[in-house]
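> Let me begin by handing over the structure; questions about it come next.
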Amino acid sequence: MKSSRFDPVVLTLGFAFLYIPIIILVLYSFNASRLVTVWGGFSLQWYVAMWSNEGLMDAAWVTARVAVLSATIGTVLGTMAALALVRYARFPGKMVFSGMIYAPLVMPEVITGLSLLLLFVALNVDRGFWTVTIAHTTFTMCYVAIVVQSRLLTFDRSLEEAALDLGSPPVKTFFRITLPLILPAVLAGWMLAFTLSLDDLVIASFTTGPGATTLPIKIYSQVRLGVTPEINAICTILIGLVTIGVVVASLASKRAEIRRIRDEHVALRGTA
Amino acid sequence: MAETATGSNSGPARWLVVATPYVWLLLFFAAPFLIILKISLSDTAIAMPPYTPLFGGFSAIGDFLSQLDFENYTFLTEDPLYIESYLSSLRMAFISTVLLLLIGYPMALAMARAPLAWRPTLVMMVILPFWTSFLIRVYAWIGILKPEGLLTVLLQAVGILGPDEQVQIFRTDTAVLIGIVYSYLPFMVLPLYSALEKMDATLLEAANDLGCPPMKAFWKITFPLSMPGVIAGSMICFIPITGEFVIPDLLGGAETLMIGKTLWTEFFGNRDWPLASAVAVLLLLVLVIPIMIFQNQQQKVR
Numbered sequence: 200m201k202s203s204r205f206d207p208v209v210l211t212l213g214f215a216f217l218y219i220p221i222i223i224l225v226l227y228s229f230n231a232s233r234l235v236t237v238w239g240g241f242s243l244q245w246y247v248a249m250w251s252n253e254g255l256m257d258a259a260w261v262t263a264r265v266a267v268l269s270a271t272i273g274t275v276l277g278t279m280a281a282l283a284l285v286r287y288a289r290f291p292g293k294m295v296f297s298g299m300i301y302a303p304l305v306m307p308e309v310i311t312g313l314s315l316l317l318l319f320v321a322l323n324v325d326r327g328f329w330t331v332t333i334a335h336t337t338f339t340m341c342y343v344a345i346v347v348q349s350r351l352l353t354f355d356r357s358l359e360e361a362a363l364d365l366g367s368p369p370v371k372t373f374f375r376i377t378l379p380l381i382l383p384a385v386l387a388g389w390m391l392a393f394t395l396s397l398d399d400l401v402i403a404s405f406t407t408g409p410g411a412t413t414l415p416i417k418i419y420s421q422v423r424l425g426v427t428p429e430i431n432a433i434c435t436i437l438i439g440l441v442t443i444g445v446v447v448a449s450l451a452s453k454r455a456e457i458r459r460i461r462d463e464h465v466a467l468r469g470t471a
Numbered sequence: 007m008a009e010t011a012t013g014s015n016s017g018p019a020r021w022l023v024v025a026t027p028y029v030w031l032l033l034f035f036a037a038p039f040l041i042i043l044k045i046s047l048s049d050t051a052i053a054m055p056p057y058t059p060l061f062g063g064f065s066a067i068g069d070f071l072s073q074l075d076f077e078n079y080t081f082l083t084e085d086p087l088y089i090e091s092y093l094s095s096l097r098m099a100f101i102s103t104v105l106l107l108l109i110g111y112p113m114a115l116a117m118a119r120a121p122l123a124w125r126p127t128l129v130m131m132v133i134l135p136f137w138t139s140f141l142i143r144v145y146a147w148i149g150i151l152k153p154e155g156l157l158t159v160l161l162q163a164v165g166i167l168g169p170d171e172q173v174q175i176f177r178t179d180t181a182v183l184i185g186i187v188y189s190y191l192p193f194m195v196l197p198l199y200s201a202l203e204k205m206d207a208t209l210l211e212a213a214n215d216l217g218c219p220p221m222k223a224f225w226k227i228t229f230p231l232s233m234p235g236v237i238a239g240s241m242i243c244f245i246p247i248t249g250e251f252v253i254p255d256l257l258g259g260a261e262t263l264m265i266g267k268t269l270w271t272e273f274f275g276n277r278d279w280p281l282a283s284a285v286a287v288l289l290l291l292v293l294v295i296p297i298m299i300f301q302n303q304q305q306k307v308r
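In order, the protein sequences belong to chains X and U.
Counting from 200, one number per residue, gives the positions in the first sequence under the working numbering.
Counting from 7, one number per residue, gives the positions in the second sequence under the working numbering.
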């Protein structure tokens, strides 16, 4: 399509809108003044204060554990779900299954959170670390399924079919051929699941119990009391971690992509 | 895409791949909805959990039916607070979806028309804020919008506001709309971009060669072809915005009525679980049609 001379203006304005609030937030975490509007010089005091805030650090540790665990289980389940959706022509209740994959993506969090809480109460389960992990696994696995599914849809099956024709058992074929080929999508799915879990306030608020306060719950209760530079500091660290993670992941997947293309090329030449 | 269910795929492993996520979703996604429906029909009691249990084994189905109690739903229709909350949520979701389309469409179009080499970077730049916490992004706006915040300072410096005037946006519906548009923009831009990017450029060239003015070509060709993206993006934004809690709670004021906030207050504030469940069931009913449109769209995309 031909571009218009307004395009650069539109993009500049759009990205300014997306980025300026975050940049301001990061800048003011280094502010010596407690006031959000007055620049009192560069200081790291809010990072020191944050570090010695035990409640905040405990919450960060809980959140990290929940995120790693739920992202990992969610990635396994989501990858299975994607395989089921793409590879299995039909099975009983496939419509219901794909409905259950897509619905959580748009379901308002208050509904998901409340309904899961009522399930845990009905089952008489003590709420805490594990209930939050299960809740996060349930909604993140659907995101993983979508990401992996889109990779499987553009997947060249000739290598897989060659392995099966040569008598490799399906399970072995999956781990030796299919999984390495879809690995970038699986890892991207894990990253997405991890950050979604790290981010979630509403579902965690409903499903958590004593002793399992997550970081968003902690940040939320402090934000309600007012804006303090300490929150800016913890937000900046989170933004930094996520940015590093995304950049590393995209570099790694780019490298994996190049290697994959080369491997496929070599393999196809070998079979020709 | 050849979908095969050949013999080589069968066996216990095949069943495990389908059954594991299936059972998980039935247990942790579908079953909770039945429970929420059941509890919305039960009496409020002061006990913990604060509702009278309706479980009594399968023999108690008769009991169950006689115990059904639509009191909570009657209450919801009688108290204007709830009806107003639903209507106001739908109105806010509608206005913000329109605003998102108005801002997101030109952005997606500009991205799709950018040089090929730039596009992955542009997509990355739209996705990156989405990776940072929702809560953090909403929090960032508090510091900007509050009366003594940065927007006031900026407008005073430029001279639009007098030294004693302040921006009165924080804790109003306008602030909520700004927060929603900001938080959901990537969700709108990405489906629009992927629809626009796939478009065949030769169609527009042909229109141009035949003397069709660019504006007309846009409405006759580009926009109709991007409809799948418009529908997907609108639904992905509209549905969760209707039930949004964090943004109205942090940026909205006393007059901001949104159903997600009402549900939260009913649950955490008044501890009325059956009523909160009834609110959730009705919200789900309100959203059934948009969710079906979304599902249908997703199936078609595949």
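Cβ atoms here follow ideal geometry from the backbone N, Cα and C, with glycine treated the same way.
For clarity, every value in this text was computed on a predicted model and none was experimentally measured.
Is there a C-beta anywhere in chain X that falls below 8 Å from the one on U:A19?
yes
> If the cut is a Cβ gap below 7 Å, which residues of chain X does U:P246 touch?
Those are V305, P307, listed as they occur along chain X.
> Between the segment 19-41 of chain U and chain X, which residues of the former have CB atoms less than 7 Å from a CB of the latter, in chain order?
A19, V23, V24, T26, P27, Y28, W30, L31, F34, F35, A36, A37, P38, F39, I41
> Between X:F241 and chain U, is the shortest Cβ-Cβ distance under 8 Å, so that the two count as touching?
no
> Report the three-state DSSP secondary structure of U:F136 (helix, strand or coil).
helix
> With 7 Å as the limit, tell me which residues of the segment 415-440 of chain X have their beta carbon closer than that to any beta carbon of chain U; keep them in chain order.
P415, I418, Y419, V422, V426, I430, C434, L437, I438
> Report, in whole angstroms, the separation of the C-beta atoms of U:L134 and X:T442, which I expect to be a contact under 8 Å.
Rounded, the Cβ-Cβ distance is 7 Å, consistent with contact.
> I need the boundaries of the alpha helix (DSSP H) containing U:V104, first residue and last residue.
86-119
> Look at the Cβ atom of X:I402, then the Cβ atom of X:A334, and state whether they are nearer than 8 Å.
yes
> Within 10 angstroms of its Cβ, does X:Q348 collect 16 or more other Cβ (buried), or is it exposed?
buried
> In its own chain, which residues sit with a C-beta less than 7 Å from the C-beta of X:A259, not counting the 5 before and 5 after it?
L414
> Output the distance between the C-alpha atoms of U:L209 and U:L202, rounded to the nearest integer angstrom.
13 Å
> From the DSSP output, in three-state form, read off X:N230 for me.
strand
> Reducing DSSP to helix, strand and coil, say where X:F241 ends up.
strand
> Answer yes or no: does any C-beta atom of chain X fall closer than 8 Å to that of U:M113?
True, the Cβ-Cβ gap to chain X drops below 8 Å.
> Rounded to a whole number of angstroms, what is the C-alpha to C-alpha distance between X:R458 and X:R375?
Whole-angstrom Cα-Cα distance: 15 Å.
> Run through chain U and tell me which residues come within less than 7 Å of X:F214, C-beta to C-beta.
M131
> Could you tell me which of U:L156, U:I41, U:A116 sits nearest to X:G312, measuring between CA atoms?
U:I41
> Quick check: what's the CA-CA separation for U:Q304 versus X:N230?
46 Å
> Excluding five sequence neighbours on each side, which residues of the same chain lie with their C-beta closer than 7 Å to the C-beta of U:G249?
Contacts found: I265, G266, L289.
> Would you call the segment 220-227 of chain X and the segment 418-438 of chain X touching, i.e. three or more CB-CB distances under 8 Å?
yes
> Pick helix, strand or coil for U:Q172, following the three-state DSSP scheme.
coil
> In terms of alpha-carbon separation, which member of U:Y199, U:P230, U:K222 lies closest to U:P126?
Out of U:Y199, U:P230, U:K222, U:Y199 has the C-alpha closest to the C-alpha of U:P126.
> Run through DSSP, which three-state label would X:P415 get?
Looking at X:P415 - three-state DSSP - the assignment turns out to be helix.
> Suppose you measure from the CA of U:V129 to the CA of X:L352; what does that come to, to the nearest Å?
21 Å
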